[in-house]
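Only one structure is covered here, and it is reproduced in the block below.
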Amino acid sequence: MLVENECGEAAHGTSVLRISIYAGPVPTAEDEYTHGECEFTDRITAEEDDRWPVEPGRYRLVASLACPWATRAVIVRRLLGLEEAISLAVVDPIQDERSWRFTLDPGGRDPGLGIRYLAEAYDAANSDYSNGVSVPAVVDVPSGRLVTNDFPQITLDLSTQWADHHRDGAPDLYPQPRRDEIDDVMARVYRDLNDAVYGAGFASSQRAHEQAYAKVFDCLDWMSERLRHQRYLVADTITEADVRAFTTLVRFDPVYHGHFKCNRNKIAEDPVLWAYLRDLYQTPGFGDVTNFAHIKTHYYRVHTDLNPSGIVPLGPDLDWGAAHGREALGGSPFGGGTSPPASTDLATYRVGT
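Anchor point for the sequence shown: position 325 equals 305 in the working numbering, and the numbering is continuous, going up by one each time.
Laid out in structure tokens, this is it:
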């Protein structure tokens, strides 16, 4: 049985774990991918007397541009205009024996935290912790302690707890009247797509692979049908559900189709999903934080059990800027709000060596 810890693949080729708040411990056969429990679930809230109160400038988001779970937080931070309130650290897409490292920064240290490895923030929070080091991670800058690596809650809290610090014109990614529907959609997308691609890729038997594979394409078919007559997954504006779908869909053709053997068809071969994906990609806050060099370098060089040669494929060469025509379905990406202003383009952020 393979156990993983959310976006914390180990450098020696063993994959360390991804977790979910949607599904608790599930009995699995020995050839199946499964989840672990998140051990750092503190929240940063708008309550002033909370241990971790919302305080602009106090916290640092540590993310890998390769990781779909971490990139969610980068997207939401950008859409809501929280760049000044919460600083961002980007780790090297390739880990060594201590996992995520800041080797892209001068001197190999994160300039905001002064550390070489994200593991140092984990150690500051719990010196006895010995499990996987994962991203996204939110670190308290003054103490250097990890606050949380609870990736689903991090993005929801950016929407709900940091509302007083959102930019003018920021979208409501988690609108109260639609939360039940958003939660239902996100639960299925998580179980049958976000997580299931890993189940297919890391399965150690044909049976386990086929079960996960079926989930993936059943979910993609369901999404394609749902999006045939509506522009976004829920409502007529972008919500958290679209953010969570995007980070898997955008990695599908470059990585999951071949690397994880999810090869019934590519996203680019489904007219509805391909148009939907281009629509999101062309929306400020999505494509400008999507770094294909980091994505492909990480998956193809870190997963040596799946790709022993370490060769990184050059393709696919997709036309992300092609017209998508989704405007004809109505709706608006930001509802009554506005696009986020231009910011540092993470899509071309350096990879390192």
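Here a beta-carbon is modelled for each residue, glycine too, at the ideal position from N, C-alpha and C.
Item, Value
"Burial state of residue -5 (16 or more Cβ within 10 Å)", "Model confidence at residue -5 stands at a pLDDT of 38, short of 50, so the residue's coordinates are unreliable; what they give is reported in the following sentence. Buried, because 16 or more other Cβ atoms sit within 10 Å of the Cβ of residue -5."
"Where the beta strand (DSSP E) containing residue 125 begins and where it ends", "125 to 128"
"DSSP bridge partner residues for residue 120 (one or two, in chain order)", "39, 125"
"Given residue 322 as reference, the closest of 58, 174, 188, 19 once Cα atoms are compared", "58"
"Contacts around residue 237, its chain only, beta-carbon distance under 6 Å, and the 5 residues preceding and following it disregarded", "243, 246"
"Residue span of the beta strand (DSSP E) that contains residue 69, given as start and end", "67 to 70"
"Proximity of residue 227 and residue 48 at Cβ, strictly below 7 Å", "yes"
"Option nearest residue 221 by Cα separation, candidates 25, 165, 209", "165"
"Pairwise C-alpha distance: residue 292 and residue 230", "17 Å"
"Buried versus exposed call for residue 94 [16 or more other C-beta atoms within 10 Å across all chains shown]", "exposed"
"Inter-residue CB distance, residue 180 and residue 196 (contact presumed, cutoff 8 Å)", "6 Å"
"Length of the line joining the Cα atoms of residue 125 and residue 162", "32 Å"
"Backbone secondary structure at residue 76 - three-state DSSP", "strand"
"Pick from 29, 318, 261, 251 that is closest to residue 200, judged by C-alpha positions", "251"
"Residue-level contact to chain C via CB, residue 96, 7 Å cutoff", "No chain C appears in this structure, which consists of one protein chain only."
"Cα-Cα separation between residue 60 and residue 268, rounded to whole angstroms", "15 Å"
"Burial state of residue 209, where buried means 16 or more other Cβ atoms lie within 10 Å", "exposed"
"Closest residue to residue 119 among 40, 30, 63 (Cα-Cα distance)", "40"
"Residue 23 and residue 137 closer than 7 Å at C-beta", "yes"
"Residue 249 - DSSP class collapsed to helix/strand/coil", "helix"
"For residue 324, the three-state DSSP class (helix, strand or coil)", "coil"
"Inter-residue CB distance, residue 115 and residue 42 (contact presumed, cutoff 8 Å)", "6 Å"
"Touch test, the region 175 to 194 against the region 256 to 264, Cβ-Cβ under 8 Å, three pairs minimum", "no"
"Of the listed residues 216, 183, 182, 173, nearest to residue 396 (C-alpha basis)", "This structure cannot settle anything about residue 396, because the visible part of the chain is limited to -19 through 333."
"Nearest residue (CA-CA) to residue 295, options 153, 56, 145, 272", "272"
"Inter-residue spacing [alpha-carbon to alpha-carbon] between residue 312 and residue 141", "24 Å"
"For residue 212, the three-state DSSP class (helix, strand or coil)", "coil"
"Beta-carbon proximity check, residue 92 vs residue 67, cutoff 7 Å", "yes"
"Backbone CA spacing between residue 160 and residue 217 [nearest angstrom]", "16 Å"
"Contact set for residue 2: own chain, Cβ-Cβ below 8 Å, skip 5 residues either direction", "Any reading at residue 2 must be qualified, since the residue scores a pLDDT of 27, below 50, and its modelled position is unreliable; the value itself is stated next. 132, 166, 167, 170, 171, listed in sequence order."
"Contained alpha helix (DSSP H) runs [length at least 4] in the region 89 to 117, N- to C-terminal order", "99 to 105"
"Residues that DSSP places opposite residue 81 in a beta bridge", "97"
"Chain-order list of residues whose beta-carbon lies under 8 Å from that of residue 305 (same chain, five-residue window excluded)", "255"
"Distance between residue 156 and residue 275 (C-alpha atoms, nearest Å)", "33 Å"
"Pairwise C-alpha distance: residue 175 and residue 320", "29 Å"
"Secondary structure of residue 132, DSSP reduced to three states", "helix"
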